[in-house]
Every structure is written in structure tokens, then in C-alpha cells.
DNA sequence: CCAACGATAT
DNA sequence: ATATCGTTGG
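Protein chains in written order, with this note's numbering: chain A, 1 to 266; chain B, 1001 to 1266.
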């Protein structure tokens, strides 16, 4: 038996919206620890990991570990029926092929109950080792989203380079090229506007903007985003979810070929 | 000769917008009593009835009963040319094949005059008998609209069930099912937020959401909607127009078949 | 948080 | 041209 209550129901809407651009169907895992998910995107290039810790819920009951395959678009469709300040209760039963969402309006005058069919999904859950990164950049999530969107209109890939002074995002395309430098800056009115660079080693890596622009769908979840970089390791783009956990996206860097791909010879 | 003046001209825009999704062409009837319309939707399933009483106009002159066939989309097109605070005067002449709209800006600095061609329409005007209903639900029109929209994303039909405690809207579709319960509640800050249930007999009826979602185009006309239900009778969804009359939509319930439509045999 | 307006997509 | 979505303002 499974029963999760979240007073700030809008959070769940944001979580699903953050992921469904990348992943259509995913298996959610529920245990005493929390509510989590791990999934590759449909082209098996990027990975997303979600954790909502049990302590973050206003009520959390999970009698035994359970895995539930859900279609994220259908899930979003149902969650869209919740008011933005509705309380959401998620219920599941062992062995059942459905789960249910209950939405309670703040005044309790409107109570909605949605039942959703589960799906069979082969959930390949990888262990993701903790790693030490050469550089960790923290910046406003909206700024990162804007940069990825802007660069995406110029080129297909972004080179992220970190130095002590800051972080540089570069791209190049048919119509020209672009470099956006964000320098470290903690001297702001509010901490969520800060940009900080924690650098052990300078690093410069290339990523497909297409995926970066999917990752930024998680922007509403957090004011800040954390980008962890190391050569040879997938970048981690993390959006912390206040009091509850995170959504993390992993993407392997492109192997830097000699200059442009316009060169026909290997 | 016919001359109707309405200081709150935006009302006329809302009335036409409320109807034109359902009905393309309609015959407006004008008499000493008022300005009215009755029309079936194009698939002859739903019926709409409009009444704007003569007393509600700021000037009302109708020398003899007259019927005017109008294309509602064309009418909307013209009315869209009126400012939201404009005073609208509607004029017609017996025997003429056109009518005219005059828009006066509040400051009288801009006076527009639009002439619209009438059309021949066979206006089959039914008598709609007053009926006694098993249950009458009153609720905020925006809430009703939201419910119909939400359920429309899950299923095709809605079951409306009324008990003493409140009203329940249910649907079922490929991805799952939904129940939304609104309980009676008069204890609110403002009367237009109230939900009241006047129940003589419990009732549960099924309707096509497609039509319900057309009816809710009338939402801007009134803060409250009234839903009158009886077995064997069409539901009446009514939006009152302050001081003037109403727009009423009628829709026959679906005959409840034995469970699902997945059964191939009749 | 709800409503109106503008922009975009069909 | 119309309907829906997203954004901005109250």
C-alpha cells in the first residue's frame, strides 16, 4: 500500500513537466526512502534521475518497495486537472494495474479523483557513482535556460569552458558563432541570482544543445542550477527541489573531433 | 422599424461569442417583449435559447414582430469592431435585407456604422415547456468550465450525478478515469462563489462533453451557471444575463448503454 | 491566484 | 480566421 500526500501539489506538476520532454514512459520507484525515478531518454543518450525524499511529503506511507510504470504525458494530462494550490495525494496498491491521484482544493469544496492505468516497463536501474568533478558551476536556472535557448538558435552543440573567472558557453553554426561568458558573481541582492564557480581544474567540454534544452524544462523547479563537469564524465545538470530532493540530468560530452565536422576525412 | 440601444455594448459581443461556437446561422426574433433567438446546433443535437428583454435595453423600439436571419460569425466579426465600452445601437427596417450596428465611443469621438446582410433561414421555433427538475445545481461558471475542460482531456462523456451533498462529474477514457465532486457550499466570501444544490430526487445523467464545452463559451456572461437535471429531459445549462435575460443550452442525455461501448452487440 | 491580452499554432 | 497556450498585469 502506498499513499503520498503533497500539500504543494504544483510541485508534482513541475516535476513531471521537467521530465516528460525527455522521457515518454518511465518507471517510478517507491520505497521507505522516497519516490524516485531513473530513465534514459528515448534515444538512450541522456539520463534523468529524480528523487523526492519521503521526509519532504506531508504524509508518506510505503509498505513495500514498488515499481510503477507510467506514461508521463498521461500523467501530465491528469495533473493538469489539479488546481495550482491543490493538495495532491498519490495512491497505489500492490498488484494493482492502476494508481490514483486525488486533488483537494484548498477550501475542500472540490475533491477530484483520477485513476490512471499503469504500464509495463523494463526498468533498468543503473547505479550512478558519486564522482569528484573538475568544476562545478552554480547559476540562476533562468539564465542557463536563456543561454541554451539562445545558443540553440545558432548552433547544435555548446562548448562549456570553466576557468577561475567564470564559465563560457560557445557555439558555432552556419550563420556564425557565439560566446557567452558568465563571470563568477556572488555580490548580488539575492543568493539565487549568484553565479559561482568551484574549480579544481580548468575544463572544456562539448554537448548537444538539443539535450541541454530539454534539461531546462526543469527550470520552474529551482531558481538555481548546478552544472558539474569533468573530462570523460557525463555532465550533471541538477535542479534541487526544496526540502525534497532533485532532478538530475546526465549527458556524455561529445568527443572533440579535430575542428569542424565539415572535414570529410576522419 | 426597429431600434435597440445598449449602453453596455460588450454584452452583445459576449452573447454572440457564447452562441456562435454551437450555431452558425440563426434567426433572431424581435418583438415588444424583447430580442430573442432559438436555434439547434448544426448537428441538431443541442439547442440554444437566448432572451434579451426589452426592459434591459437603454432604448427599445420594435413596431412589429420581425425575424432576422444572421450569420453569427459575420455578426461577431462586426461586433469585434466595437470598442469594449462602446454604446451599440442595432437597427432594422421591415422588408430590408440588411441591419445595421452603430458603435459610439464613450466620448462620442468615434462613431462607427456597420451594415450587415441578412440571410434567409427557416426558423423552426419550438415551444420549450417549463419543466420541474429533479435537481438544480448552481455553481461558479468558471468552475464548471474548468471541470468540463479537464474532463474533456480524459474522456468524451460526463456523468453528472447529484446528491444532497453535492454534484459529481465523472468520465472515463483510454488513459484512465476521473471523478470530480463539488460539495454544496454557501459559506463563501462572495455569493458568486457559492455552489448550491436544490435536489428533489437524486439524479445521474450522461452527456457529451463536446457540447458541454461549447456551452461554457458563455462563461463570460455570468459568474454563475445553473444546471437543471431530470431523467428523460434535456439538461438545461443556463447563464443569466444581468437585468436582461439569459442564454440557455439544452442537451439530451445519452441513453446509458449497458456498461462500455466496447460491446459490439447492440 | 485569476483574468485579460497577445502571440502562436492549426 | 479561429482556437488554444503562454505571458503579463491586477
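Think of the CB as a built atom: it goes at the ideal place given N, C-alpha and C, for glycine as much as any other residue.
Since the structure is predicted, the reported quantities are computational estimates derived from the model, not experimental observations.
For residue i, does the count of other Cβ atoms within 10 angstroms reach 16, so buried, or fall short, so exposed?
{"i": "residue 1209 (chain B)", "result": "buried"}
{"i": "residue 1080 (chain B)", "result": "exposed"}
{"i": "residue 106 (chain A)", "result": "exposed"}
{"i": "residue 1140 (chain B)", "result": "buried"}
{"i": "residue 64 (chain A)", "result": "exposed"}
{"i": "residue 1073 (chain B)", "result": "exposed"}
{"i": "residue 1 (chain A)", "result": "exposed"}
{"i": "residue 149 (chain A)", "result": "exposed"}
{"i": "residue 1167 (chain B)", "result": "buried"}
{"i": "residue 1188 (chain B)", "result": "exposed"}
{"i": "residue 19 (chain A)", "result": "buried"}
{"i": "residue 1186 (chain B)", "result": "exposed"}
{"i": "residue 159 (chain A)", "result": "buried"}
{"i": "residue 1095 (chain B)", "result": "exposed"}
{"i": "residue 1009 (chain B)", "result": "buried"}
Counting only C-beta atoms, is residue i closer than 7 Å to chain A at any point?
{"i": "residue 1160 (chain B)", "result": "no"}
{"i": "residue 1179 (chain B)", "result": "yes"}
{"i": "residue 1150 (chain B)", "result": "yes"}
{"i": "residue 1153 (chain B)", "result": "yes"}
{"i": "residue 1065 (chain B)", "result": "no"}
{"i": "residue 1062 (chain B)", "result": "no"}
{"i": "residue 1173 (chain B)", "result": "no"}
{"i": "residue 1182 (chain B)", "result": "yes"}
{"i": "residue 1034 (chain B)", "result": "no"}
{"i": "residue 1245 (chain B)", "result": "no"}
{"i": "residue 1176 (chain B)", "result": "yes"}
{"i": "residue 1262 (chain B)", "result": "Note that residue 1262 (chain B) has pLDDT 48, beneath the 50 cutoff, so the model's placement of it is unreliable and the number below is only indicative. It does not: the Cβ of residue 1262 (chain B) has no partner Cβ on chain A nearer than 7 Å."}
{"i": "residue 1140 (chain B)", "result": "no"}
Below 6 Å CB to CB, which residues in the same chain sit around residue i once its five sequence neighbours on both sides are set aside?
{"i": "residue 227 (chain A)", "result": "137, 237"}
{"i": "residue 39 (chain A)", "result": "23, 26, 48"}
{"i": "residue 1102 (chain B)", "result": "1089, 1113"}
{"i": "residue 154 (chain A)", "result": "171, 173, 178"}
{"i": "residue 1007 (chain B)", "result": "1058, 1087"}
{"i": "residue 30 (chain A)", "result": "2, 62, 66"}
{"i": "residue 1214 (chain B)", "result": "1021, 1022"}
Note down, in chain order, each residue of its chain lying with its Cβ closer than 8 Å to the Cβ of residue i, except the 5 sequence neighbours on either side.
{"i": "residue 1134 (chain B)", "result": "1162, 1199, 1200, 1201, 1202, 1203, 1229, 1230, 1231"}
{"i": "residue 1119 (chain B)", "result": "1025, 1069, 1070, 1071"}
{"i": "residue 1220 (chain B)", "result": "1014, 1017, 1018"}
Give a yes or no on whether the minimum CB-CB distance between residue i and chain B is below 7 Å.
{"i": "residue 13 (chain A)", "result": "no"}
{"i": "residue 81 (chain A)", "result": "yes"}
{"i": "residue 223 (chain A)", "result": "no"}
{"i": "residue 77 (chain A)", "result": "yes"}
{"i": "residue 296 (chain A)", "result": "One cannot answer for residue 296 (chain A) here, as it falls past the ends of chain A, which runs 1 to 266."}
Under 7 Å Cβ to Cβ from residue i, same chain only, skipping five residues before and after it: list those, please.
{"i": "residue 1144 (chain B)", "result": "1216, 1225"}
{"i": "residue 253 (chain A)", "result": "205, 206, 207, 235"}
{"i": "residue 1165 (chain B)", "result": "1183, 1184"}
{"i": "residue 1192 (chain B)", "result": "1140, 1223, 1224"}
{"i": "residue 32 (chain A)", "result": "54, 62"}
{"i": "residue 1115 (chain B)", "result": "1098, 1100"}
Q) Closer than 9 Å, Cβ to any Cβ of chain B: which residues of the segment 106 to 117 of chain A, in chain order? A) 107, 108, 109, 110, 111, 112, 113, 114, 115, 116, 117
Is it true that the segment 72 to 86 of chain A meets the segment 105 to 122 of chain A, where meeting means three or more beta-carbon pairs spaced less than 8 Å apart?
-> yes
If we count Cβ pairs, one from each stretch, closer than 8 Å, do we get three or more for the segment 1117 to 1131 of chain B versus the segment 1166 to 1181 of chain B?
no
Original post:
What residues from the segment 1184 to 1206 of chain B come within 7 Å of chain A, judged by C-beta to C-beta, listed N to C?
Top reply: 1185, 1195
Can you give me, in chain order, the residues of the segment 87 to 100 of chain A that have a beta carbon less than 8 Å from any beta carbon in chain B? 98
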